[in-house]
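Engineer:
Protein chains in written order, with the numbering used here: chain A, 11 to 196; chain B, 11 to 196.
#1: Since residue 110 of chain A and residue 160 of chain A are thought to touch, with beta carbons under 8 Å apart, how far apart are those beta carbons, to the nearest angstrom?
#2: Along the stretch 33-57 of chain A, where does the CB come closer than 8 Å to a CB of chain B? Name the residues.
#3: Tell me the DSSP bridge mates of residue 98 of chain B?
#4: Give the DSSP-derived three-state secondary structure of residue 104 of chain A in the structure shown.
#5: Does chain A have any CB closer than 7 Å to the CB of residue 194 of chain B?
#6: Which runs of the beta strand (DSSP E), 3 residues or longer, sit entirely within the stretch 122-190 of chain A?
#7: Residue 80 of chain A and residue 114 of chain A look like a contact to me (Cβ under 8 Å); what is the Cβ gap, rounded to whole Å?
#8: For the stretch 141-157 of chain A and the stretch 177-195 of chain A, state whether three or more C-beta atom pairs, one from each stretch, are separated by less than 8 Å.
#9: Please name the residue, chosen from B:59, B:66, B:76, B:63, that lies closest to residue 67 of chain A on a Cα-to-Cα basis.
#10: With residue 183 of chain B and residue 42 of chain B assumed to form a contact (beta carbons below 8 Å), what rounded beta-carbon distance in angstroms separates them?
#11: Mind checking if residue 184 of chain A is an interface residue toward chain B, Cβ cutoff 7 Å exclusive?
#12: Leaving aside the five residues before and after residue 100 of chain B along the sequence, list all residues of the same chain whose C-beta is less than 8 Å from its C-beta, in chain order.
#13: Do we get a CB-CB distance below 7 Å when we pair residue 179 of chain A with the residues of chain B?
#14: Label residue 177 of chain A either buried or exposed according to how many other C-beta atoms from any shown protein chain fall within 10 Å of its C-beta, with 16 as the threshold for buried.
#15: Taking residue 97 of chain B and residue 78 of chain B to be in contact with their CB atoms under 8 Å, please state how far apart those CB atoms are, rounded to whole angstroms.
#16: On the DSSP bridge assignment, give the partners of residue 109 of chain B in chain order.
#17: What are the boundary residues of the beta strand (DSSP E) that residue 87 of chain A is part of?
#18: Grab me the residues of residue 38 of chain A's own chain with a C-beta within less than 7 Å of its C-beta, minus the 5 sequence neighbours each way, in chain order.
#19: Which of the three DSSP states, helix, strand or coil, is assigned to residue 192 of chain B?
#20: Could you please give the first and the last residue of the uninterrupted beta strand (DSSP E) stretch that includes residue 65 of chain A?
#21: Give the secondary structure of residue 72 of chain B by DSSP, where H, G and I count as helix, E and B as strand, and everything else as coil.
#22: When you compare the CB positions of residue 88 of chain A and residue 124 of chain A, do they come within less than 7 Å of one another, or not?
#23: Kindly indicate which three-state DSSP category residue 54 of chain A falls into: helix, strand or coil?
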């Protein structure tokens, strides 16, 4: 049977809420991190969103007024196979390219710094319902050597590492990390 | 000259605000981390306080109501000499001992996990205006093998590593990390 009215209602509710950008990818990654933690594979957490407090009710431990601060680092960090790991997850809402404006200038600076100190750092980019691992080094190279302000989809297809989606873990990004950063090690 | 009234007024305002516990030590460490970052020595940040959002004014990007969540990890993490580093800072308001109740059970679990994966992890404890680095391994040993519910001051004097206080950096805890974890390396 068909319920055209109900379907229409459902569809019209499907308004883009920009605050939720990256929410689905975030849910996938949080669930993968839970899996990695429970199975003693890695200890990786999402950093809390930085908040600026304006008015706090100390007695009841409540915040009455606050605002969202800009991020100067990446969203996730932790330890995997003895290494410091640090990454950001981004959904590209364009089907043709990933805009570099998605990454703030101070995040590029942060990325340079942690790479210099030996971190494993990358972006997980979701584009056209596919998931790619873009190495931090490649992101910096692209930014510094290309005149384009976005990374075309074809670049991901040709140069990046596709990440498998499954049941448990939901998004097995550490399998991709193994392929890239621990090649040849067991 | 004496101003007994003014002094009394000043004194009576000096109420203990438990929300600010650890504030002075936190200021010292944040300043040291800024120094380490500017001088390209390490990239270590304080994690934002985890917040639970109740009511958000998306239009103005303001939080109308929220609450403080419990921490399940430590306050600071980052990368130093290629290693994952993760620690917590605590001020002991007792002059005789550091109460283990200062560390939550899920933080002990977290500590065990990251140590197993190869992290450098410790507490920085301020007691009697002195600063000590207590290795995560020693903290766990104390908790699991001692019946006492607090670590006596004498334990810090005898078994821990005192941290130097200076101008720049304000608290040179990475010098102490070098002594303990990178002994004999350059």
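Virtual Cβ for every residue (Gly too), placed ideally from N, Cα, C.
This one's a predicted model, so the numbers in the text were calculated from it and none came from an experiment.
Structural biologist: Straight from the coordinates:
#1: 6 Å
#2: 47, 50, 52, 53, 55, 57
#3: B:133
#4: coil
#5: no
#6: 130-137, 140-145, 160-162
#7: 7 Å
#8: yes
#9: B:76
#10: 6 Å
#11: no
#12: 32, 35, 108, 112, 113, 133, 134, 135, 136
#13: no
#14: exposed
#15: With 8 Å as the limit, residue 97 of chain B and residue 78 of chain B do not qualify as a contact, their Cβ atoms being about 21 Å apart.
#16: B:160
#17: 86-90
#18: 180, 181
#19: coil
#20: 61-67
#21: strand
#22: no
#23: strand
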